[in-house]
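Residue numbers (my numbering): 185 to 626.
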């Protein structure tokens, strides 16, 4: 166990932060416990107990029992389930200054982190095989991202996640904005809600059974992505993020016959697929299975495999302007230009009365077309009551498929596989074909 890495998780950024050290911690040579309050000063320092600091570090006296609580942590940032809650964490606590805000960082061993992630990303009462599979991919993804960051920093090369011209904005959202810690605690990376949801012996059993196990391919850690529901076919990595191919992140049907699917990059095939309900592991309404994947706030989302949303002319114009910062005027049309292997749009033309632009990739599209985030970018466009003089529809309906980016493991599909008796190795092989299960540390 001494070989496992320690990681830094960014929990919350705000001008004012309140925590409570529920057990004894040390700040330098001083023992501290109880409620603590921190503010950022005009000079960009941390104000605490009448003094100013560049950074603050609280280390647990007894790492086995030390817990601290953070007040008003925002979860589901900018998603439709966004809310605040108090959360408790084990491990060390750090405070730093980032711009005009304080950031609180939790430093702890990887396996302790995973105890929370597995319970935060899904229900702690999920099937053991599903929990094992998720432990492996969460561990793999985390360590792969840390390696990626180190390689980018050591190369000295500038990393860009966007291309912008006068008429096109292609942007993907990844981890490049986390410079002072390894991962954040929200859906941008992996949900991590401390010991708040570290709640069952089954989760601990899954972590212990897969301790140190990761997915590798050609000697490299796998970038093991996951999302809630692929919508029936897996998306490939390069349609969501940088233009890079991975042999283990390929298009497959989420079914017993993974090769039985049409080419959803073709518009006509994508329309037929999205506007039907083809059989797939993730096409389920089984409440017991869904409760394994969806925490209480996730269960507020019920129409994930196939869904629709309608905007009036006025709603859509205001929404797109507010979310993108670009005044398109009235929206005449939303035109899919390029789709990925799951039917998700990665280049979309927005035609307005004042401006026409192409946007992408999938998350940029989802952010632009929803007050929070659209379930996915796999959708078709239906225009209603088109004005013959202007071409402007009175409303537009998006008919969609899936929830999330659709790359890698489909959490709902994997839950169905677990319920049908597949073990975690079979689940991993289905979603990451050809990847090797490797013991990285003891």
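We treat Cβ as the ideally placed atom computed from N, Cα and C, and that holds for glycine.
Model, not experiment: these values are computed from the prediction.
Measure the CB-CB distance between residue 222 and residue 292 and report whether it falls below 8 Å. The sequence position of residue 222 within the chain shown is 38, counting from 1. The sequence position of residue 292 within the chain shown is 108, counting from 1. Taking 8 Å as the Cβ cut-off, residue 222 and residue 292 do not qualify as a contacting pair.
Assigned secondary structure, residue 459 (DSSP; H/G/I helix, E/B strand, else coil): Working through the chain shown from its first residue, we reach residue 459 at position 275. Residue state, collapsed to three classes: coil.
Exercise. Quick one, are the C-beta atoms of residue 586 and residue 413 less than 8 Å apart?
Worked result: Position 402 of the chain shown, counted from the first residue, corresponds to residue 586. Position 229 of the chain shown, counted from the first residue, corresponds to residue 413. Cβ atoms of residue 586 and residue 413: closer than 8 Å.
Q. Under three-state DSSP, which class holds residue 402?
A. Taking the first residue of the chain shown as position 1, residue 402 is located at position 218. Note: residue 402 maps to coil in three-state DSSP.
- Minimum C-alpha distance to residue 505 - residue among 540, 575, 522, 214: Position 321 of the chain shown, counting from 1, holds the residue named residue 505. Looking at the Cα atoms, 540 is the closest of the given residues.
inquiry  = I'd like the list of long-range same chain contacts for residue 295, defined as Cβ closer than 7 Å, with 5 residues on each side in sequence excluded.
reply    = Taking the chain shown and counting its residues from 1, the one referred to as residue 295 is at position 111. For residue 295, where only same-chain residues beyond five positions count, the Cβ hits under 7 Å are 188, 391, 395.
How many angstroms separate the CA atom of residue 201 from the CA atom of residue 365?
-> Within the chain shown, numbered from 1, the residue matching residue 201 stands at position 17. Within the chain shown, numbered from 1, the residue matching residue 365 stands at position 181. Using only the alpha carbons, I get a separation of about 18 Å.
*Nearest to residue 219 (by Cα), restricted to the options 206, 621, 410, 611*: Here residue 219 is taken as the residue at index 35 of the chain shown, counted from 1. Minimum Cα distance to residue 219 is reached at 206.
- Message: Quick check for students: name the residue ranges of the beta strand (DSSP E) that lie wholly in the stretch 515-542, counting only runs of 3 or more.
- Response: 515-523, 529-536
- DSSP puts residue 493 in a beta bridge; with which residues? Position 309 of the chain shown holds residue 493. DSSP, once it has assigned bridges, lists 582 as partnering residue 493.
* Which of helix, strand or coil DSSP assigns to residue 470 -> Mapped onto the chain shown, residue 470 falls at position 286. Note: residue 470 maps to coil in three-state DSSP.
For the candidate residues 225, 542, 299, whose alpha-carbon lies nearest to that of residue 377? Reading the chain shown from its first residue, position 193 is the one you call residue 377. That would be 299, whose Cα lies nearest to the Cα of residue 377.
As a quick exercise: from 213, 286, 254, 453, pick the residue whose alpha carbon is nearest that of residue 236.
As a first step, residue 236 is located in the chain shown; it is residue number 52 there, counting from the start. The option with the nearest alpha carbon to residue 236 is 286.
Where residue 346 falls, given that 16 or more other Cβ within 10 Å makes a residue buried | Counted from its first residue, the chain shown places residue 346 at position 162. It counts as exposed.
If you draw a straight line from the alpha carbon of residue 603 to that of residue 583, how long is it in whole angstroms? Taking the first residue of the chain shown as position 1, residue 603 is located at position 419. Taking the first residue of the chain shown as position 1, residue 583 is located at position 399. Distance between the alpha carbons of residue 603 and residue 583: 29 Å.
Among residues of its own chain, excluding the 5 on either side of residue 448, which ones have a beta-carbon nearer than 7 Å to its beta-carbon? Locating residue 448 in the chain shown gives position 264, where the first residue counts as 1. The residues are 417, 454, 457, 523, 525, 526, 527.
Counting pairs of Cβ atoms below 8 Å between the stretch 315-328 and the stretch 500-515, do you hit three or more?
-> no
Legend entry - Residue range of the unbroken beta strand (DSSP E) whose run includes residue 374: On the chain shown, position 190 is the one that residue 374 refers to. Unbroken run through residue 374: none, as it is neither H nor E.
Could you tell me which residues DSSP puts in a beta bridge with residue 209?
The residue you call residue 209 lines up with position 25 of the chain shown. DSSP lists 216, 244 as partners of residue 209.
Rounded C-alpha distance that separates residue 196 from residue 558: Position 12 of the chain shown holds residue 196. Position 374 of the chain shown holds residue 558. Taking the straight line joining both Cα atoms gives about 24 Å.
Query raised in the report: Using a threshold of 7 Å, is the CB atom of residue 487 nearer than that to any non-hydrogen atom of the ligand GDP?
Result: By its list of ligands, the structure shown contains no ligand whatsoever, and the ligand GDP lies outside what it can speak to.
**Report entry** Same chain only: Cβ atoms within 6 Å of residue 276, ignoring 5 sequence neighbours per side
**Finding:** On the chain shown, residue 276 is found 92 positions in, with the first residue counted as 1. The answer, listed in chain order, is 243, 291.
Comparing alpha-carbon positions, which option in 516, 626, 613 lies nearest residue 401?
As a working note, residue 401 is residue 217 in the chain shown. For residue 401, the nearest C-alpha among the options comes from 613.
Close-in-space but distant-in-sequence residues of the same chain around residue 483 (CB under 8 Å, 5 per side omitted): Taking the first residue of the chain shown as position 1, residue 483 is located at position 299. For residue 483, the predicted structure reports a pLDDT of 45, less than 50, and the residue's modelled location is therefore unreliable. A value from the coordinates is still provided. Taken in chain order, the residues that qualify are 474, 475.
### Message
Quick check: what's the CA-CA separation for residue 192 versus residue 369?
### Response
Translated into positions along the chain shown, residue 192 becomes position 8. Translated into positions along the chain shown, residue 369 becomes position 185. Those two C-alpha atoms are separated by around 10 Å.
Practice item. Return the chain-ordered list of same chain residues with a C-beta closer than 7 Å to the C-beta of residue 387, the five sequence neighbours on each side being excluded. Key: Along the chain shown, one-based indexing puts residue 387 at 203. Hits under 7 Å: 299, 302, 303, 308, 315.
**Study point:** Residues of its chain near residue 405, where Cβ-Cβ distance is below 7 Å and the 5 sequence neighbours each way are ignored
**Key:** In the chain shown, residue 405 corresponds to position 221, counting from 1. For residue 405, where only same-chain residues beyond five positions count, the Cβ hits under 7 Å are 324, 327, 328, 331, 398.
*asked:* List, from N- to C-terminal side, the beta strand (DSSP E) runs of 3 residues or more that fit wholly inside the stretch 251-325.
replied: 251-259, 267-274, 276-282, 285-293
| task | Report buried or exposed for residue 450, applying the criterion of at least 16 other Cβ atoms within 10 angstroms of its Cβ. | result | As a position in the chain shown, residue 450 is number 266, starting the count at 1. Exposed, since its Cβ has fewer than 16 Cβ neighbours within 10 Å.
If you compare alpha carbons, which of 514, 489, 356, 444 is closest to residue 543?
In the chain shown, the residue the question calls residue 543 occupies position 359. Of the listed residues, the one whose Cα sits closest to residue 543 is 356.
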